[in-house]
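Written out below as structure tokens is the structure these notes cover.
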């Protein structure tokens, strides 16, 4: 968190000169910087991203900008987010080896990370819009969520380490503020930066008039803001996942903070559900059913793999202060009831956060391509309406969605409802 | 948190020499240290406490020891707890003016706080054992809990300030560890430092064999360990409260950390319930009923005053990120449902923590005088048994104890049960 006063954004022109002397680049790109090819590819909202290629290979150089790209210089954002991204990536690499890009170099003063270039990986959201499937997607994602959740918590860590780490990540104030506003507040009133498809007005009015819904959202917001159970990715949507047809990697944890375990998985599932509801606009009739079924199968698989891996870690790596073995196994008693109750409460949180993410991506500032790329606003509104009403159901009735099948069954029902 | 290598414990003999030059003492005790009278009065477990009296008045000098007094030098404890006590006291003084002793001086290097001498106040626990009542006790305590809970949370504070403060208090690791062990774990297995009244064995065995109970306790432990809702006192029992017959002050917040709102109130009510269940051994028949009724009335009053003050602050001081007015009042909608749901969830937590405190004070290391001063072990076991079984009921059925009267009604029922 020591960004320098000499911070200066890279450009395709200056990159070779500025980074040409760094060993990690020479090794991974090639010894002679004059032969490097630099391409700016940032399509995110907050950063510069370059691919640097040479004789020895390629790397990604990611540098934070002092403002939000999406909005422009009028929305300043601290450069220290690169520090938190770096710290989150190193922890994720330890907790779920192979799940995130390898880091070659970190420059705190320039808010810059040099990391593995993933190729031929592409962003998962694009694949879902195109109708491409990915082998093992559910198991990689379910395990990633379980391993980072469990191994970053007081179920596993030395609590003094977790407390020190939680204190460190409490410094990521301004990035967390984006989530606090765009996710938990803006969707539920006429916030300045909001926009939504015109035809949705009656539904938007209904949601914003629903006091019980807003109270439930705020209760989840209170959990997000205070309940530092584990280190979260913090922004785990399908744009933060890169895949080939058989390999999956998770990127971009600059929203990393300590928060409630259910947050990452809930956000992730929400993005699969939005992919699901948007499919009728992207698929020809023949492929629609089978691809939608694949998405729902992936959702169930993510939950199942999470559950299985979490229980495995519970039984084999429970070395933290919580649920000590002295009270259960060492006393000759199973902790099965305990982990089952724990996961029930996890599930309620995840389902609630899922519903909120489904709302904010349609009502707040940062929308998803899944819906945004639907050109006909009537079609878009009709599909978004299903998504919004299902989101409401998930938030208000989280207790009823205790199994993956209960969620996918309900998704199928909403998918055939004509709300608009 | 910068205790010096020159740290050295005060003694009655060295105090005047070492502190005689300090203006805050000269002003509050008297200009000439040779006329000061020093008395060591520490009856707590962790600290040296002196009363220093002189011509101008008296002060208390509290200095942390590098080990737990109760156990001895074999249990080292960091001196930095004085830093956290000082920081907690200054925040409590701002959030509920007049509720805590005034601070005259803090010496981080010597782990020492010089503060107001409360006189003729005595420790509330002693009063409850003697059968003395205190005017306005319930309203002072209920308001203290509500004000510190509300004003130390994201309902009220600027969230960057709360995050920085939560990060600061995450440093209080070793003191929090005492609570983590003695409160949340030791009561539920045969931990080394435990002791309990011999006749309780059958009940202790039953509690320690109860997996659902232990799972519920651990779920509350998980909330305690991660859910940094507000700055807690952290050790709010009747030994941390000093009263005259009409004035009440709260002392000793060295266990201060950020945690779940319900923790302080739950601990406090537990200590009143233990006072209640112990009364048959301390009161003659004639006074017993009326004094027990006063204690239960105080419990109801604490809850009612908490509820009333919390709702008042909700309506008048809700300036934090949570439950923003933009979603409720500014949209022409009441947030009554939201605060009611919030307080329901608070109540469930408080009731659960209450039950755990009732267990640990009878089964773990640090017992309460309420029961300990009962000489006849048969009588003691009989009264402790009621307390233990009610504690279990509160933990497992927290949802059912949604109103103060439901708790006091159940207490009356347990008070007439012959469990042993």
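Residue numbers (this note's numbering), protein chains in the order written: chain A, 1 to 420; chain B, 1 to 420. Positions of the beta carbon are idealized from the N, C-alpha and C atoms, including for glycine. For clarity, every value in this text was computed on a predicted model and none was experimentally measured.
Three-state secondary structure (DSSP) of residue i
| i | result |
| --- | --- |
| residue 303 (chain A) | helix |
| residue 315 (chain A) | helix |
| residue 261 (chain B) | coil |
| residue 239 (chain A) | helix |
| residue 228 (chain B) | coil |
| residue 280 (chain A) | helix |
| residue 294 (chain B) | helix |
| residue 251 (chain B) | coil |
| residue 97 (chain B) | coil |
| residue 33 (chain B) | helix |
| residue 150 (chain B) | helix |
| residue 212 (chain A) | helix |
| residue 77 (chain A) | coil |
| residue 398 (chain A) | helix |
| residue 40 (chain A) | strand |
| residue 266 (chain A) | helix |
Other residues of its chain near residue i: CB distance less than 7 Å, five sequence neighbours each side excluded
| i | result |
| --- | --- |
| residue 384 (chain A) | 197, 200, 362, 371 |
| residue 144 (chain A) | 96, 99, 250 |
| residue 421 (chain B) | Nothing can be reported for residue 421 (chain B), as the shown portion of chain B is limited to 1 through 420. |
| residue 298 (chain B) | 137, 138, 272 |
8 Å CB neighbourhood of residue i in its chain, flanking five on each side removed
| i | result |
| --- | --- |
| residue 418 (chain B) | 382 |
| residue 46 (chain B) | 64, 65, 68, 69, 70, 77, 81, 254 |
| residue 401 (chain B) | 347, 351, 394, 407, 410 |
| residue 344 (chain B) | 402 |
Residue i versus residue j - alpha carbon distance
| i | j | result |
| --- | --- | --- |
| residue 62 (chain A) | residue 193 (chain B) | 54 Å |
| residue 410 (chain B) | residue 354 (chain B) | 14 Å |
| residue 13 (chain A) | residue 113 (chain A) | 18 Å |
| residue 407 (chain B) | residue 178 (chain A) | 42 Å |
| residue 398 (chain A) | residue 364 (chain B) | 38 Å |
| residue 138 (chain A) | residue 276 (chain A) | 15 Å |
| residue 332 (chain A) | residue 181 (chain A) | 48 Å |
| residue 232 (chain B) | residue 51 (chain B) | 27 Å |
| residue 105 (chain A) | residue 237 (chain A) | 25 Å |
| residue 261 (chain B) | residue 225 (chain A) | 14 Å |
| residue 329 (chain A) | residue 322 (chain A) | 13 Å |
| residue 309 (chain B) | residue 340 (chain B) | 13 Å |
| residue 290 (chain A) | residue 296 (chain A) | 10 Å |
| residue 167 (chain A) | residue 56 (chain B) | 44 Å |
| residue 405 (chain A) | residue 300 (chain A) | 7 Å |
| residue 25 (chain A) | residue 160 (chain B) | 37 Å |
| residue 326 (chain B) | residue 189 (chain A) | 7 Å |
| residue 241 (chain B) | residue 211 (chain A) | 40 Å |
| residue 175 (chain A) | residue 162 (chain B) | 15 Å |
| residue 10 (chain B) | residue 48 (chain B) | 8 Å |
| residue 386 (chain B) | residue 366 (chain B) | 19 Å |
| residue 173 (chain A) | residue 165 (chain B) | 12 Å |
Interface partners of residue i on chain A, CB under 9 Å
| i | result |
| --- | --- |
| residue 229 (chain B) | 222, 225, 226, 227 |
| residue 77 (chain B) | Here the premise fails: no neighbours, minimum Cβ distance about 14 Å. |
Chain B residues whose Cβ lies nearer than 7 Å to that of residue i
| i | result |
| --- | --- |
| residue 337 (chain A) | 211, 212, 215 |
| residue 322 (chain A) | 218, 221, 222, 225 |
| residue 182 (chain A) | Ordered by position in chain B, no residue passes the 7 Å Cβ test against residue 182 (chain A), which lies about 13 Å from the chain. |
Proximal residues of chain B, C-beta to C-beta of residue i below 9 Å
| i | result |
| --- | --- |
| residue 173 (chain A) | 159, 160, 163, 164 |
Chain B contact residues for residue i, given Cβ-Cβ distances below 8 Å
| i | result |
| --- | --- |
| residue 326 (chain A) | 185, 189, 191 |
| residue 398 (chain A) | Ordered by position in chain B, no residue passes the 8 Å Cβ test against residue 398 (chain A), which lies about 13 Å from the chain. |
Chain A contact residues for residue i, given Cβ-Cβ distances below 7 Å
| i | result |
| --- | --- |
| residue 88 (chain B) | Going along chain A, no residue has its Cβ under 7 Å from residue 88 (chain B), so there is no contact; the nearest lies around 17 Å. |
| residue 58 (chain B) | None at all; the shortest Cβ gap to chain A is about 38 Å. |
Interface residues of chain A facing residue i [CB-CB closer than 8 Å]
| i | result |
| --- | --- |
| residue 388 (chain B) | Ordered by position in chain A, no residue passes the 8 Å Cβ test against residue 388 (chain B), which lies about 17 Å from the chain. |
| residue 265 (chain B) | In chain order: nothing, as chain A lies at least about 17 Å away. |
Contacting residues, own chain, Cβ-Cβ under 6 Å from residue i (five flanking each side not counted)
| i | result |
| --- | --- |
| residue 234 (chain B) | 255, 256, 257 |
| residue 368 (chain B) | 274, 361 |
| residue 124 (chain A) | 238, 241, 243 |
| residue 149 (chain B) | 230, 261 |
| residue 19 (chain A) | 25 |
Within 9 Å of chain A by C-beta, residues of the stretch 140-156 of chain B in sequence order: 153, 154, 155
Using a Cβ-Cβ cut-off of less than 9 Å, list which residues of the stretch 187-217 of chain B approach chain A; keep chain order. 188, 189, 190, 191, 208, 209, 211, 212, 214, 215, 216, 217
The stretch 404-419 of chain A: which residues have C-beta closer than 8 Å to a C-beta of chain B, in chain order? none
Listed in chain order, which residues of the stretch 333-357 of chain A have Cβ atoms closer than 9 Å to some Cβ of chain B? 333, 334, 335, 336, 337, 338, 339, 340, 341, 342, 345
If contact means a Cβ-Cβ distance below 7 Å, which residues of the stretch 98-128 of chain A contact chain B? Per Cβ criterion, the list is empty.
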